[in-house]
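Visitor:
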Ligand SMILES: [Mg+2]
Ligand SMILES: [Mg+2]
Ligand SMILES: [Mg+2]
Ligand SMILES: [Mg+2]
Ligand SMILES: [Mg+2]
Ligand SMILES: [Mg+2]
Ligand SMILES: [Mg+2]
Ligand SMILES: [Mg+2]
Ligand SMILES: [Mg+2]
Ligand SMILES: [Mg+2]
Ligand SMILES: [Mg+2]
Ligand SMILES: [Mg+2]
Ligand SMILES: [Mg+2]
Ligand SMILES: [Mg+2]
Ligand SMILES: [Mg+2]
Ligand SMILES: [Mg+2]
Ligand SMILES: [Mg+2]
Ligand SMILES: [Mg+2]
Ligand SMILES: [Mg+2]
Ligand SMILES: [Mg+2]
Ligand SMILES: [Mg+2]
Ligand SMILES: [Mg+2]
Ligand SMILES: [Mg+2]
Ligand SMILES: [Mg+2]
Ligand SMILES: [Mg+2]
Ligand SMILES: [Mg+2]
Ligand SMILES: [Mg+2]
Ligand SMILES: [Mg+2]
Ligand SMILES: [Mg+2]
Ligand SMILES: [Mg+2]
Ligand SMILES: [Mg+2]
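Protein chains in written order, with this note's numbering: chain A, 7 to 316; chain B, 7 to 316; chain C, 7 to 316; chain D, 7 to 316; chain E, 7 to 316.
#1: Specify the secondary structure class of residue 32(C) as computed by DSSP and reduced to three states.
#2: Residues in the same chain with beta-carbon distance under 7 Å from residue 128(E), minus the five sequence neighbours each way, listed in chain order, please.
#3: Quick check on the DSSP output: what are the complete beta strand (DSSP E) runs of length 3 or more inside the region 79 to 164 of chain E, in order along the chain?
#4: Please confirm whether residue 261(D) and residue 258(B) have their CB atoms less than 7 Å apart.
#5: Can you tell which of 39(A), 143(A), 19(A) has the C-alpha that lies nearest to the C-alpha of residue 225(A)?
#6: Quick check: is the beta carbon of residue 178(C) nearer than 7 Å to any beta carbon in chain A?
#7: Return the bridge partner residues of residue 76(E) from the DSSP annotation.
#8: Distance cutoff 7 Å, beta carbons only. Does residue 190(B) sit that close to anything in chain A?
#9: List the endpoints of the continuous alpha helix (DSSP H) containing residue 178(D).
#10: Buried or exposed for residue 264(A), please, with buried defined as at least 16 other CB atoms from any protein chain shown within 10 angstroms of its CB.
#11: Beta-carbon of residue 252(A) versus every beta-carbon of chain C: anything under 7 Å?
#12: Taking 7 Å as the CB-CB limit, is residue 7(B) close to chain D?
#13: Cutting at 7 Å between CB atoms, please list the residues of its own chain near residue 107(D), excluding the five before and the five after it.
#14: Looking at the structure shown, is residue 267(E) part of a helix, part of a strand, or coil, going by DSSP?
#15: Starting from the Cα of residue 46(A), find the closest Cα among 97(A), 15(A), 88(A), 14(A) and give me that residue.
#16: Give the residues from the region 263 to 275 of chain D that approach chain B closer than 8 Å (Cβ to any Cβ), ordered along the chain.
#17: Taking the alpha helix (DSSP H) that residue 300(A) falls in, what are its first and last residues?
#18: Is there a Cβ from chain B that is less than 7 Å from the Cβ of residue 226(D)?
#19: Look at residue 291(C) and residue 293(A) and say whether their C-beta atoms are less than 7 Å apart.
#20: Could you tell me the boundaries of the alpha helix (DSSP H) in which residue 286(D) lies?
#21: Please list, in chain order, the chain A residues whose beta carbon lies closer than 7 Å to that of residue 257(B).
#22: With a cut-off of 7 Å, does the C-beta of residue 165(E) fall near any C-beta of chain C?
#23: Buried or exposed, going by whether 16 or more other CB atoms sit within 10 Å of the CB of residue 193(A)?
#24: Check whether the region 148 to 166 of chain A touches the region 228 to 242 of chain A, counting contact only when three or more Cβ pairs, one atom from each stretch, lie closer than 8 Å.
#25: Please report how far the alpha carbon of residue 271(A) lies from the alpha carbon of residue 251(B), in whole angstroms.
#26: Let me check one thing: in DSSP terms, what residues is residue 17(D) bridge-paired to?
#27: Taking one C-beta from the region 237 to 249 of chain D and one from the region 165 to 184 of chain D each time, how about it: are there three or more such pairs within less than 8 Å?
#28: With distances taken Cα to Cα, identify the nearest neighbour of residue 67(E) among 313(E), 206(E), 284(E), 275(E).
#29: Taking only the alpha-carbon atoms, compute the straight-line gap between residue 165(C) and residue 273(C) and give it to the nearest angstrom.
#30: Under 7 Å Cβ-Cβ, which residues of chain D neighbour residue 312(E)?
#31: Under a three-way DSSP split, which group does residue 58(A) fall into?
#32: With 7 Å set as the bound, which would you pick, yes or no: does the beta-carbon of residue 292(C) sit closer than that to a beta-carbon of chain A?
#33: Exposed or buried, residue 138(A), counting other C-beta atoms within 10 Å across all chains shown (16 or more means buried)?
What follows is the structure, given as structure tokens:
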């Protein structure tokens, strides 16, 4: 499906009608791409890149002599766990082609149409590309605010001394999410900088400003993601300190109990011995004596604890 | 509300009286902005940016062709926990408009009036902007000195071996506060650098020096904030080491008590057995023997402890 | 073994037939190199570098006046534990010589032949070099995806609370593998940048783009390797937190058991004493009394636990 | 107090005698500054900066159009705990004024006089400034060597397995000292770089070399301070590992003692039961049997320990 | 002792014979330097720098107008614990003087003679300096390979679960050694870069390449040292995890033993009480009952352990 923007109007055109004096954009499936890449003058290597399966780690752009080819694994900040959509894109002089590689719910198509509609008035290649790319950042701030609220809620729990095992899982999930996100924005920064460099002269100098705005927005989101990462590190440290503190207290309590009961247990064991000649056992006040002895021992131990501020 | 600075005098003027040969400044509410942004030639997108709710993470400046638009979430170093004030600002040739977005206690308005009054004598756009921005840094050093004192007080406690649970909470709060602050100054640096770059030529070359002074001040505050962060890390490490050391001591004490009492308990249990034929029970000096045995056992254990420097 | 590329054909030629108007490439063993390096105008120092044994850490390129000499310890991402292949290479004007230093399974030779075949059509020195170097990166993305899957599987185990000792070993292995890999790509980046700098003017300006593509690919792989390293750090932290949490729980359980049984043991020891005059022993309901006492003690302790949310 | 350097001689002059064709230097108290800053053409803002109390964090230089103003909180590496001296300084064309803000023992005055005397022969502004600044670094290397010796002594203790609580305090103090020092040198680097930049053209290009030497010396001291910081981190890690190792050993010892004594205690308790019909109690060799049983139990446990290499 | 290189021959010459049209090199003791530094036109300050005792931290080069002066504390990677040799060096136009400050075994002298002999053929100042400096790196790769082997051997031990206290000491030593080494190479990089900058124009532009090669070699060694440092960090983490895991296991074992024996000990204590009216004691199958009770208790506990996967 190709469109040309002519006199502020968007017309759907066929492959044969492509006229590079107007601004032409296309939205293709992989099959459509395979059938027409030679007519469009795109290299086979790049097309193959689109179709291989091990591109999971590739969000980047390659700059060739005649065209640029990029690939983006779209990260949805509001729903990070689902499988990622993936698009490829080709940029030639006055042609911008988006290739749908993985697209559940056909959401990329809508994004594409919105973007070309938005700048219809005084469309340039750079504005259309900016329009598409900027859509990738649109839910960024909202997602970060929501993540921050989640972290603050976890904070409140830890500060109140509660450490449950789900907390560990949650922190772990959040860290992975944030580091996925950080990496995503870093890669978008790379793409934005690459577009700004304009090495193969596809763009007009005066319109590069749009790519700079995109790069700056990505950088801001990346920095703010980093900020949340730092908060998470503080949270984990607080949790560790709480666990350490609790362990210390448990062991102190335990040690106190042991130190109080061991001597008493020894005493009662002592007078449980069966020796024939144990004078205390026959004393009239022997029982009283052992009661007093126990109280004194406990008293001395408690006093010693107090003095040592145990 | 607009003001123009003419012949070293500040006059309040209406929207219609704006004359861009003088230096004009404005302080608007969101509603006022909505009603007059078209007359001022400001873009709708930026105005919408001002009004959305998810701008919590945005302290930054966008540079457009005809004007620059920035937004600042003001962090009050002396009172970090309250909700933040927020301003937007627009800069055009000879026009500087501050938009009040969130402003409890109307403190921003006062800040704005002070700043334009201060440079009345030989006012330039750059000086007025500098005047407003510099107000954001004014309590920085005082806040940092006070925070440092707080950290030193906490140090003294830890070094004296006291580790109470509030300490953990306090360190956690301080770290979050300092990292909020650091981030704030970093973002002000970005704004300052962006103003210095002067990409859309709104400012005179020779007056960019003022933005450099602002950037340098922010950078110094940012570095000093980092310094306090480092101190806090040292503090946490010292606290961890203290907790570890205490745990070690608790466990040593506990182990010693156990090692001393277990054999004695075994001995007295032993002679508490009810076998018919246990010669020791019938010995004349059986009781004496068990007393001596106990003393010897304790002595040997204590000697062993001493030798191992337990 | 030398080849020249002439009129899009690759011909095997002998040392004497070398004609530097064509593009000449060679694939030599160490012995062949020794016998012909003087004819090729290569320096003795570099040749000796090839033959020393302590080059384990050297993956780099030296730029001399007349030629460049590099050495690469090839890391196979899919099989990191085997001994590494090693190649040297010399670059002169229109001559590219690969020296096989260590090569199990003769895999380097095949790589070399593939690379010169691939760009036969419009061969330049730069393309051939790019072809060889790019082969070193070819299995990178696949290896990273597989490693990521392994890490995710380990995650699932830890999040389910299982921490077995093999996990520690596995994390350790993975970290070493990833840091080997990261270092490898960093060194390839250095070689790529060195080729781009073109200090001794061996290459054409317009063809340096190929070295930039190589450098960018290496950098992307390096960044993605770093990403996996970060995930691994998160994993270790989660494991640590799990271990800490488990220890805390173990100690709590243990302390509870001790606090419940110590007083009971004291009580039964108490009435195991053999004093002649212990009134309780003769009471009609003495046994009932001690049963009730035990139940009360346990009840009080359990209540205290509950109140303290132990 | 002002001095002018004329014909290689230093003459004390009064404010009125200042002649900016010679090199003039001044050493003023705050009061003297207040009374003459207008005659010298210094700005009121900078003078006020000198007098405020919350300048604790300010070691830096501001570059104004006509002059530069700096402030230094002097850190004495050999005596870090005492309160810091503080100086301000103003630099105009051919005028260098040092302002004493805090100066116990009048040591800054001497430093100032030494510095101007040293370059009397062929004095330039740059040399005099360099002379004063360089004095701030003079005891740096000595202080670092002494600190290193202290760290080595602490190392020896930890490696011998001794971990006393003072160690924790000492490490904490050292870290704070080194980070104060590092920050101090970083700030001097900033001042040095600022002087080198020479934005307001107060200095001759050819004499900027002196400021570069100052910057390099500061950077070297900063790097070496960082080196000691790293050593300290290693030391703390070693201490942590020692504490962990000791705890592990304590717990092992404790567990062994418990595992050996618990079964024995159970056995002797068992035959302390008062059942009427317990055949063993009446056996002729019952006592022998329980002795043998105890030995066997201990033997089995010890064997099990040995096999598990506990 | 001075040498001049003339017509590819090295001649020993006296101070008076120095002719700066040839390349002159010198190897002096401190005393010789003191007696001739004025004839050579070297500054007194630099000479004094050579002789002070607190230069332990100084490996660097100062660039003066007429000459450069450097000082190197030589680190021997194969033998880091011995006291370090130290040299100073002066570079003037066509004069290179090495000053022996500390030199056990006279090894520096040999190094110096080798270096000037090596480039005798077409000697330039730059080559001779390169020759001397490059000697400092010559055993680098060998040392790193040997250190790597040592680390791998330690790895194997930890992975097999053995953690002995010497390990801690060894890791500590290795970290200090590697950080000493890293710092050494960083300082050599600084010297190399300083020589490359050639600020006082002592060298020919075209020969600066030699200093670049030296800098690159140093940088590579520094990076590889860093790589080993990272491995060491991984090792320490693995050791920590092993210690934690062991502690967890010890505490679990201990808790199990306690939970099994405490109830049994209570039971046997219970029936050791001396109440007159305890029906169980008189039962015919009382003893059998207590045996069965004990078995049941142990069984229940073991079942509970199994269910909880303790
Ligand atoms: Mg990055
Ligand atoms: Mg990047
Ligand atoms: Mg960055
Ligand atoms: Mg940035
Ligand atoms: Mg930024
Ligand atoms: Mg930053
Ligand atoms: Mg920044
Ligand atoms: Mg940055
Ligand atoms: Mg900076
Ligand atoms: Mg920075
Ligand atoms: Mg700075
Ligand atoms: Mg690197
Ligand atoms: Mg690198
Ligand atoms: Mg890098
Ligand atoms: Mg490098
Ligand atoms: Mg680099
Ligand atoms: Mg990069
Ligand atoms: Mg990158
Ligand atoms: Mg980078
Ligand atoms: Mg810094
Ligand atoms: Mg700095
Ligand atoms: Mg630095
Ligand atoms: Mg900096
Ligand atoms: Mg540097
Ligand atoms: Mg730097
Ligand atoms: Mg340096
Ligand atoms: Mg460095
Ligand atoms: Mg450096
Ligand atoms: Mg560096
Ligand atoms: Mg580098
Ligand atoms: Mg760097």
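C-beta: ideal position from N, C-alpha, C; glycine also. Note that the coordinates shown come from a computational prediction; the quantities given were computed from them, not determined experimentally.
Guide: Put simply:
#1: In the displayed model, residue 32(C) falls within a strand according to three-state DSSP.
#2: There are no such residues.
#3: Counting only runs of at least 3 residues, the region 79 to 164 of chain E fully encloses the following beta strand (DSSP E) elements, listed from N- to C-terminal order: 91 to 98, 101 to 108.
#4: Contact: no.
#5: Scanning 39(A), 143(A), 19(A) for the CA closest to the CA of residue 225(A) turns up 143(A).
#6: Using a Cβ-Cβ cut-off of 7 Å, residue 178(C) does not count as an interface residue toward chain A, since no Cβ of chain A sits closer than that to its own.
#7: Answer is 67(E), 95(E), bridged to residue 76(E).
#8: So no, residue 190(B) is outside the interface.
#9: Taken as a continuous stretch (DSSP letters only), the alpha helix (DSSP H) holding residue 178(D) covers 171 to 203.
#10: A residue is called buried once 16 or more other Cβ atoms fall within 10 Å of its Cβ, and residue 264(A) is buried on that count.
#11: Answer yes: the Cβ-Cβ gap between residue 252(A) and chain C drops below 7 Å somewhere.
#12: It does not: the Cβ of residue 7(B) has no partner Cβ on chain D nearer than 7 Å.
#13: Within the same chain, residue 107(D) has close Cβ partners 36, 56, 92, 93, 94.
#14: Helix.
#15: Nearest C-alpha to residue 46(A): 97(A).
#16: Answer in chain order: 263, 264, 267, 270, 271, 274, 275.
#17: Residue 300(A) -> alpha helix (DSSP H) spans 292 to 313.
#18: False, the Cβ-Cβ gap to chain B never drops below 7 Å.
#19: No, the pair does not count as a contact, with Cβ atoms beyond the cut-off.
#20: It spans 285 to 288 - the alpha helix (DSSP H) in which residue 286(D) sits, taken as one unbroken run.
#21: Simply 257.
#22: Chain C, which has a Cβ nearer than 7 Å to the Cβ of residue 165(E), makes this yes.
#23: Classification for residue 193(A): buried.
#24: They touch, by the three-pair rule.
#25: The straight-line gap from Cα to Cα measures roughly 30 Å.
#26: DSSP lists 10(D) as partners of residue 17(D).
#27: Counting Cβ pairs under 8 Å, three or more are found: they touch.
#28: Comparing C-alpha distances from residue 67(E) to each of 313(E), 206(E), 284(E), 275(E) shows the shortest one belongs to 206(E).
#29: Using only the alpha carbons, I get a separation of about 44 Å.
#30: Going along chain D, no residue has its Cβ under 7 Å from residue 312(E), so there is no contact; the nearest lies around 20 Å.
#31: In the structure shown, residue 58(A) sits in coil (DSSP, three-state: anything other than H, G, I, E or B).
#32: So no, residue 292(C) is outside the interface.
#33: It counts as buried.
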